[in-house]
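Notes to accompany the following structure.
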Amino acid sequence: MAAVVAAAAVRTRILQPTVKLFIDGKFVESKSDKWIDIHNPATNEVISRVPQATKAEMDAAVASCKRAFPAWADTSVLSRQQVMLRYQQLIKENLKEIAKLITLEQGKTLADAEGDVFRGLQVVEHACSVTSLMLGETMPSITKDMDLYSYRLPLGVCAGIAPFNFPAMIPLWMFPMAMVCGNTFLMKPSERVPGATMLLAKLLQDSGAPDGTLNIIHGQHEAVNFICDHPSIKAISFVGSNQAGEYIFERGSRHGKRVQANMGAKNHGVVMPDANKENTLNQLVGAAFGAAGQRCMALSTAIFVGEAKKWVPELVERAKNLRVNAGDQPGADLGPLITPQAKERVCHLIDSGTKEGASILLDGRKIKVKGYENGNFVGPTIISDVKPNMTCYKEEIFGPVLVVLETETLDEAIKIVNNNPYGNGTAIFTTSGATARKYSHLVDVGQVGVNVPIPVPLPMFSFTGSRSSFRGDTNFYGKQGIHFYTQLKTITSQWKEDDATLSSPSVA
Ligand code: NAD
Numbered sequence: 002m003a004a005v006v007a008a009a010a011v012r013t014r015i016l017q018p019t020v021k022l023f024i025d026g027k028f029v030e031s032k033s034d035k036w037i038d039i040h041n042p043a044t045n046e047v048i049s050r051v052p053q054a055t056k057a058e059m060d061a062a063v064a065s066c067k068r069a070f071p072a073w074a075d076t077s078v079l080s081r082q083q084v085m086l087r088y089q090q091l092i093k094e095n096l097k098e099i100a101k102l103i104t105l106e107q108g109k110t111l112a113d114a115e116g117d118v119f120r121g122l123q124v125v126e127h128a129c130s131v132t133s134l135m136l137g138e139t140m141p142s143i144t145k146d147m148d149l150y151s152y153r154l155p156l157g158v159c160a161g162i163a164p165f166n167f168p169a170m171i172p173l174w175m176f177p178m179a180m181v182c183g184n185t186f187l188m189k190p191s192e193r194v195p196g197a198t199m200l201l202a203k204l205l206q207d208s209g210a211p212d213g214t215l216n217i218i219h220g221q222h223e224a225v226n227f228i229c230d231h232p233s234i235k236a237i238s239f240v241g242s243n244q245a246g247e248y249i250f251e252r253g254s255r256h257g258k259r260v261q262a263n264m265g266a267k268n269h270g271v272v273m274p275d276a277n278k279e280n281t282l283n284q285l286v287g288a289a290f291g292a293a294g295q296r297c298m299a300l301s302t303a304i305f306v307g308e309a310k311k312w313v314p315e316l317v318e319r320a321k322n323l324r325v326n327a328g329d330q331p332g333a334d335l336g337p338l339i340t341p342q343a344k345e346r347v348c349h350l351i352d353s354g355t356k357e358g359a360s361i362l363l364d365g366r367k368i369k370v371k372g373y374e375n376g377n378f379v380g381p382t383i384i385s386d387v388k389p390n391m392t393c394y395k396e397e398i399f400g401p402v403l404v405v406l407e408t409e410t411l412d413e414a415i416k417i418v419n420n421n422p423y424g425n426g427t428a429i430f431t432t433s434g435a436t437a438r439k440y441s442h443l444v445d446v447g448q449v450g451v452n453v454p455i456p457v458p459l460p461m462f463s464f465t466g467s468r469s470s471f472r473g474d475t476n477f478y479g480k481q482g483i484h485f486y487t488q489l490k491t492i493t494s495q496w497k498e499d500d501a502t503l504s505s506p507s508v509a
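Numbering-wise, the working numbering comes out as the position in the sequence shown, counting from 1, plus 1.
Here's what the structure looks like:
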């Protein structure tokens, strides 16, 4: 309980009126003359300001990471594990506080915000398994008296660049996994939602992470370029749009860094006529409109196969019942979009559907939320008669909009999904095991759900989006995450048995 109260105080101190940098274990005010306003998306009131860190501040942050690295890498793996064990406990105790902060800055409902923290917490819990995950390999007696073995060793200073839509989960995909392996970490949260990361940094410090092991800078392009170019940064984890991700991947790789980039999506749900209708429609509504569609795994496209198309009117009725409200209001099913520009973009993409011949079955563009007239709200929207050449199909909408296509066969549906450049996630709804198996095997998408609309793998697996949704070789979290943040060192050693005999004391 004391920890929760402390967190509330920290939250007030960190958020008002400016967001601090976290350098060398201290929350410090930036000396920058460039600041970005942070708005509550439900009201568009300014709630705080975040600095664009100066070059000197960013240099100080990397220098701190660099200084802390040798001792942290040398700290026993059991001690690093202990830090993460305390950290997962503190996150649990403060989960609701972090969630409130997310709702304030990002707009999602409190339930979604708690889910955001919870999914990040699961990665921290997974990081606690480091003693098994970081094991190397051995091969004894490869020839006489010779053994071969490998260690997994930390890389040095790693960095993370995060998006706005999961303010807790995505930073938690990054620094706990990197740090438990012995790396130090430079984090740049999204400039729109930095609060959760600041609170998470405080909790990590309270868990015993030494000063300098985590540093936090804020900013936009300059901070990103700084990270891509800095010679002391060995690896970059990025999550966000394709525009930024492709750029960061190219620029970071050019500077010799490892880069993993999780990017945009267009996730299809294929609905077969033999599906469990009740379950399928509920799943579609939750996965398309939950978190206002601002999820990289949102099921934003539905393909109804054959007779399943008869269910579309019922889907519309269910979507109509969703309650749009400020995220902290009781009963809210979805909150606002992140910015007025995001709302404008989403509305523009809906407009494009009408212009290009699609039908709007449910239109959320003009929604008014009582008491929150200035918020960035868009209500659930369903666009049908969509064809793959339409703009609303080709673009990632990232709002509460479901586009509906129809096909006569499963094969046609698979062709559509495989022709789409993105490969983040997909789901099939069916009661036939054979259909599910066929779909899972033929679809060229990295994460497949069978009657599971948002198949985000738990952290003992990895997040395996593919094709245009990912650049890099090694995925986030799971064993892959450990591999990303470690370097193998392989040792071939010969200790001659004869020498051992010679050096043994003679037995009388
Ligand atoms: P974004 O790309 O605008 O921002 C992400 C980060 O990159 C931020 O820290 C931002 O400061 C920086 N950035 C933004 N534009 C940049 C540019 N031109 N050059 C250099 N840096 C830049 O993304 P967002 O709007 O915050 O997040 C939404 C996007 O993230 C969606 O496309 C969504 O699908 C994707 N996303 C993907 C996953 C995944 O795991 N595949 C998860 C969450 C979000």
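Don't be surprised by glycine CBs; every beta carbon is placed ideally from N, CA and C. Remember, it's a predicted structure, so these values are computed and weren't measured experimentally.
Ordered along the chain, which non-local residues of its own chain (more than five positions away) have a Cβ less than 8 Å from that of Q221? I37, Q53 and E192
Quick check: K490 and Y152, are their CB atoms within less than 9 Å of each other? Going by C-beta atoms, K490 is nearer than 9 Å to Y152.
Alpha carbons only, please: which of H484, K27 and V29 is nearest the one belonging to R259? H484
Rounding to the nearest angstrom, what Cα-Cα distance links P177 and V317 in this structure? 41 Å
I need the DSSP call for R12, collapsed to helix, strand or coil. In this predicted model, R12 has a pLDDT of only 48, less than 50, meaning its place in the structure is not dependable; the value taken from the coordinates is given anyway. Of the three classes helix, strand and coil, the one that applies to R12 here is helix, per DSSP.
Nearest candidate by alpha-carbon position, reference A333, set S31, G108, Q82 and C66: G108
Ordered along the chain, which non-local residues of its own chain (more than five positions away) have a Cβ less than 6 Å from that of S467? G424 and G447.
Name the residue from T139, K56, D146 and V181 whose alpha carbon lies nearest to the alpha carbon of T502. D146
Can we count Y248 as close to ligand 1, meaning its CB is less than 8 Å from some heavy atom? yes
Check this for me: beta carbons of K93 and E115, under 9 Å apart or not? no
Keeping to the same chain, check which residues put their C-beta closer than 7 Å to that of A303; ignore five residues upstream and five downstream. G270, V272, L285, L403 and V405
Applying the 10 Å Cβ sphere with the 16-neighbour rule, what's the burial state of T427? buried
Considering only heavy atoms of ligand 1, does any lie closer than 8 Å to the CB of M264? yes
Three-pair Cβ contact test at 8 Å for the stretch 454-466 versus the stretch 280-299: yes
Should the stretch 464-480 be regarded as contacting the stretch 250-267, the criterion being three or more beta carbon pairs within less than 8 Å? Yes: at least three Cβ pairs fall under 8 Å.
Inter-residue Cα distance where the pair is I234 and C159: 6 Å
Inter-residue Cα distance where the pair is N45 and P18: About 16 Å.
Is it the case that the stretch 54-67 contacts the stretch 163-182, given that we only count it when at least three CB pairs across the two stretches are under 8 Å? no
Is there a Cβ of chain D sitting closer than 9 Å to that of P71, yes or no? Here there is only one protein chain, and chain D is not present.
Distance, Cα to Cα, G157 vs V347? 41 Å
Curious, which full-length alpha helix (DSSP H) runs of at least 4 residues does the stretch 101-147 contain? 111-128 and 131-134
Straight-line gap, L122 to K101 (C-alpha atoms, nearest Å): 16 Å
Under a three-way DSSP split, which group does T502 fall into? Helix.
Check for me: the alpha helix (DSSP H) holding G26 runs from which residue to which? Taken as a continuous stretch (DSSP letters only), G26 belongs to no alpha helix (DSSP H), as it is neither H nor E.
Beta-carbon spacing of I237, I218 below 9 Å: I218 sits away from I237, with the two beta carbons spaced by 9 Å or more.
Using 8 Å as the cut-off, can you tell me whether the stretch 129-147 makes contact with the stretch 372-383, which would need three or more C-beta pairs spanning the two stretches below that distance? no
Is N377 near ligand 1, in the sense that its beta carbon is under 8 Å from a heavy atom of that ligand? Checking every heavy atom of ligand 1 against the Cβ of N377, none is found closer than 8 Å.
Runs of alpha helix (DSSP H) wholly within the stretch 299-370 (minimum 4 residues, chain order): 313-321 and 341-356
Can you give the beta carbon distance from V444 to I415, rounded, assuming they're within the 8 Å contact cut? 6 Å
Neighbourhood of T431 by C-beta distance below 7 Å, restricted to the same chain and skipping five residues each side: M273, D275, A276 and A437
Less than 9 Å separating the beta-carbons of L187 and N166? No.
Output the boundary residues of the beta strand (DSSP E) element that contains G434. Note, G434: premise wrong, no beta strand (DSSP E); alpha helix (DSSP H) at G434 to L443.
Integer-rounded CB distance, given that I351 should sit under 8 Å from P42: With 8 Å as the limit, P42 and I351 do not qualify as a contact, their Cβ atoms being about 19 Å apart.
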